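If you count by mature numbering (1 follows the signal peptide of the UniProt record, and there is no 0), then the sequence shown holds residues -16 to -1, 1 to 268, one letter each, in order.
Just so you know, even glycine gets a beta-carbon here, dropped at the ideal spot from N, CA and C.
Keep in mind that this is a model prediction, so the values were computed, not measured.
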Amino acid sequence: MPPSALLLLLLGLLAALPVPAPAAAGGCGPCEAARCPPLPPRGCPLGRVRDGCGCCWQCGRGEGEACGGGGAAGGRCAPGLECVKSRQRRKAKGGPAPGPLSAAAAAGPPGVCLCKSRYPVCGSDGLTYGSGCQLRAASLRAQSRGEPAISQRSKGACEQGPSIVTPPKDIWNVTGAQIYLSCEVMGIPTPVLIWNKIIRGQYGVQRMELLPGDRENLAIQTRGGPEKHEVTGWVLISPLSKEDAGEYECHASNAKGEATASAKIHVVETLHEIALTKDDGAEL
């Protein structure tokens, strides 16, 4: 066989042989703990986890941080969190599924860290945390300062006494008008809101008149909201009479306490009197 024909035959055989693919970037090799990068001197704020190869310790990533990817370089979520891929997040929100991922996109960080328990919890410190992961992070920070660990007291927000979000405001108007007082309160559990008219005597408060009573020109309305654990209430008066003048109290209560706020209704004969009263420095 001529040398040139032999050379062509050898080249053809070499071309037919399978060529091994190069190792993927960041792929796992033998674990050499001595070559692992050190952790931060002050430790990991969210705790430590093994890398994607199960060899080296690394700091766990927090909520909203990128995670996943191949090999040791891929970020790992801290305890209590899970790595959720973008496709899973979009599917959970009901959006359309994207097209096929390219090889380059699939090799990059495919998701973000999200807490496994995505509901508010009450901590042993009396504070409400948006999730168990936020509570755990706060507990680790407290321990790093030498303070006691924070544990979960219960699911849901911590109970708290009522507070006045928007108090009622003083009103000036003429007889025959239609007016209203409003009051917005919040608390956990949701407070009960009532209205009283404060009857004052010579020596201070004489008695509290629970509204609406038997007054035909007065009505009470209450509804939940606008936010969770909030209640808004109104005193509606129509037509306004001189007997309606006085101080009105918004009173909120629940198992953790109570809160009050008050405002005054001023009844005048003419609109001109309203301007004169305010010019004298009376509160609006």
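Rounded straight-line distance, which links the Cα of residue j to that of residue i
i, j, result
"K69", "L23", "27 Å"
"C234", "T112", "27 Å"
"P25", "G130", "16 Å"
"T174", "P14", "59 Å"
"G110", "A245", "26 Å"
"E16", "K100", "32 Å"
"D35", "R60", "7 Å"
"V252", "R207", "31 Å"
"S222", "G230", "15 Å"
"E211", "A243", "18 Å"
"A141", "P104", "6 Å"
"C117", "S138", "14 Å"
"S128", "R120", "12 Å"
"N201", "G160", "10 Å"
"N238", "S108", "21 Å"
"L224", "T216", "22 Å"
"E227", "W156", "14 Å"
"A126", "T150", "34 Å"
Contact under 9 Å by Cβ, residue i with residue j
i, j, result
"V176", "I148", "no"
"C97", "L65", "yes"
"G52", "L124", "no"
"C37", "C12", "yes"
"G44", "A62", "yes"
"P29", "G46", "yes"
Buried versus exposed, by CB contacts within 10 Å (16 or more), residue i
i, result
"P94", "buried"
"residue 325", "With the chain covering -16 to 268 only, the question about residue 325 has no answer from this structure."
"P146", "buried"
"A(-2)", "Note that A(-2) has pLDDT 48, beneath the 50 cutoff, so the model's placement of it is unreliable and no number is given."
"Q162", "exposed"
"G188", "exposed"
"E214", "buried"
"G185", "exposed"
"D198", "exposed"
"G209", "exposed"
Own chain partners of residue i with C-beta closer than 8 Å, once the 5 adjacent residues on each side are dropped
i, result
"Y232", "P152, L165, W179, N180, K181, I182, L195, V219, S246, A247, K248 and I249"
"L255", "V158"
"residue 273", "Because the chain spans -16 through 268 in this model, residue 273 falls outside it and cannot be assessed."
"G27", "S128"
"Q136", "V105, C106, G107, S108, G116 and L119"
Own chain residues within Cβ distance below 6 Å of residue i, not counting five before or after
i, result
"E143", "I172 and K240"
"E257", "none"
"A122", "I134"
"C39", "C15"
"A236", "P146, V169, P175, L177 and A243"
"R102", "S115"
"C167", "P152, G217 and C234"
Closer than 8 Å: residue i CB and nearest the ligand GTP heavy atom
i, result
"G140", "Summarising the ligand content, the structure contains no ligands, and the ligand GTP is consequently not present."
Close Cβ partners of residue i (< 7 Å) along its chain, the five nearest in sequence each way excluded
i, result
"E193", "N180, K181 and I183"
"R191", "I183"
"G114", "P104"
"A203", "P196 and L220"
Those runs of the alpha helix (DSSP H) which lie wholly inside the region 180 to 219 and span at least 4 residues: none
In chain order, which continuous runs of the alpha helix (DSSP H) of length 4 or greater are located wholly inside the region 79 to 156? 87 to 91 and 116 to 128
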